[in-house]
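Residue numbering for the sequence shown follows UniProt numbering, beginning at 1 and increasing consecutively.
Even glycine gets a Cβ: it sits at the ideal position worked out from N, Cα and C.
Model, not experiment: these values are computed from the prediction.
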Amino acid sequence: MLGSEPMNAITSEETGTSPRTRYDSPRMAERRVRILKFAHQILAEGGVEAMTINRLSELAEVAPSTIYRGFESKEGVIYQSIVEHMDGIADHLDGVGRPATFDAVEAEYDWIVTELHRDPEYARAIMQLYFSPTIDARARLSMRSVAIGRVEHFLGAMQDAGQLDPRIDPAIACERQVDLEYSVFLNWMQRSLKDESVADALKSAFFLAVAPILAEPARTEALERADAAAKRVAATEAD
Numbered sequence: 001m002l003g004s005e006p007m008n009a010i011t012s013e014e015t016g017t018s019p020r021t022r023y024d025s026p027r028m029a030e031r032r033v034r035i036l037k038f039a040h041q042i043l044a045e046g047g048v049e050a051m052t053i054n055r056l057s058e059l060a061e062v063a064p065s066t067i068y069r070g071f072e073s074k075e076g077v078i079y080q081s082i083v084e085h086m087d088g089i090a091d092h093l094d095g096v097g098r099p100a101t102f103d104a105v106e107a108e109y110d111w112i113v114t115e116l117h118r119d120p121e122y123a124r125a126i127m128q129l130y131f132s133p134t135i136d137a138r139a140r141l142s143m144r145s146v147a148i149g150r151v152e153h154f155l156g157a158m159q160d161a162g163q164l165d166p167r168i169d170p171a172i173a174c175e176r177q178v179d180l181e182y183s184v185f186l187n188w189m190q191r192s193l194k195d196e197s198v199a200d201a202l203k204s205a206f207f208l209a210v211a212p213i214l215a216e217p218a219r220t221e222a223l224e225r226a227d228a229a230a231k232r233v234a235a236t237e238a239d
């Protein structure tokens with residue numbers, strides 16, 4: 001797990017201060033890309049514990065001082081790597097359209113899990129960081145952003161269709177859903193959930209979380225889909 005040193009971002013927009021090093025020249029921008037590329041590689045191969053400034057310096061062929069000037073710490077490099085990773089996922093999902101229907105939610109989870117299995121150790125490193133007690137709040141918010149966007153878009157579509165229960169605060173359902181989603185990822189990270197079960201476990205968690213805020217007949221459909229997905233998980237885990 002990460003040490004007690006807090007993570008530090010390098011952008012003035014997030015910190016309110018000027019960064020030590022600007023990556024606005026072609027040379028420095030290329031170095032930044034190289035540093036983050038090899039940070040991703042190290043995390044994918046060995047997790048958070050494998051990440052050291054010396055190892056990253058060696059692979060990226062830059063001086064350790066360059067990394068410190070640009071990112072301030074190992075945690076800063078990891079933070080920026082994850083932010084860019086999550087931004088890439090969000091850009092893809094925005095490009096294909098965020099889920100406005102039950103079927104679209106399930107299709108998005110199928111895609112996410114395909115990507116998860118494409119680079120599983122990096123995904124586990126992200127989850128390890130998310131559940132670390134020393135994680136920077138900005139990093140956790142960045143990791144939650146894709147899931148939050150999914151729920152907000154879906155509930156917005158349900159509201160437009162007159163399928164929301166006005167007595168329940170959508171924000172509560174949103175936060176609950178994201179918490180449930182990450183509990184699924186935690187089980188997967190700890191290898192207590194099979195790879196084949198992840199997509200269905202995520203679908204079940206989503207529909208269980210949003211069902212209480214939906215009006216009929218959407219509520220019944222959400223509960224039915226949650227139950228069907230949970231049964232598929234149970235069957236897979238029993239094999």
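Taking Tyr122 and Leu43 to be in contact with their CB atoms under 8 Å, please state how far apart those CB atoms are, rounded to whole angstroms. The count along the sequence shown starts at 1 and reaches residue 122 at position 122. The count along the sequence shown starts at 1 and reaches residue 43 at position 43. That pair is a contact at about 5 Å.
Cutting at 6 Å between CB atoms, please list the residues of its own chain near Leu208, excluding the five before and the five after it. Indexing the sequence shown from 1 puts residue 208 at position 208. Within the same chain, Leu208 has close Cβ partners Ala226.
N-terminal and C-terminal residue of the alpha helix (DSSP H) that Pro212 is part of: The residue you call residue 212 lines up with position 212 of the sequence shown. Careful: Pro212 lies outside any alpha helix (DSSP H) and carries neither H nor E.
Apart from the five residues just before and just after Val96, which ones in its own chain have a Cβ nearer than 7 Å to its Cβ? Translated into positions along the sequence shown, residue 96 becomes position 96. No residues qualify anywhere along the chain.
May I ask you to verify whether the stretch 179 to 192 touches the stretch 126 to 140, counting CB pairs closer than 8 Å and requiring at least 3? yes
Helix, strand or coil, according to DSSP, for Leu141 in the structure here? By 1-based counting over the sequence shown, the position of residue 141 is 141. It is helical.
In angstroms with no decimal places, state the Cα-to-Cα distance between Lys37 and Val198. Counting from one through the sequence shown, the residue named residue 37 turns up at place 37. Counting from one through the sequence shown, the residue named residue 198 turns up at place 198. The alpha-carbon atoms of Lys37 and Val198 are separated by roughly 27 Å.
Closest Cα partner of Arg32 within the set Leu214, Ala100, Leu59: Sequence index remark: in the sequence shown, residue 32 carries index 32 (1-based). When only C-alpha atoms are compared, the closest one is Leu59.
May I ask which residues mark the beginning and end of the alpha helix (DSSP H) holding Pro133? Working through the sequence shown from its first residue, we reach residue 133 at position 133. Note, Pro133: premise wrong, no alpha helix (DSSP H); not H, not E.
Exposure label - Pro64; buried when at least 16 CB within 10 Å: Along the sequence shown, one-based indexing puts residue 64 at 64. Flag for Pro64 reads exposed.
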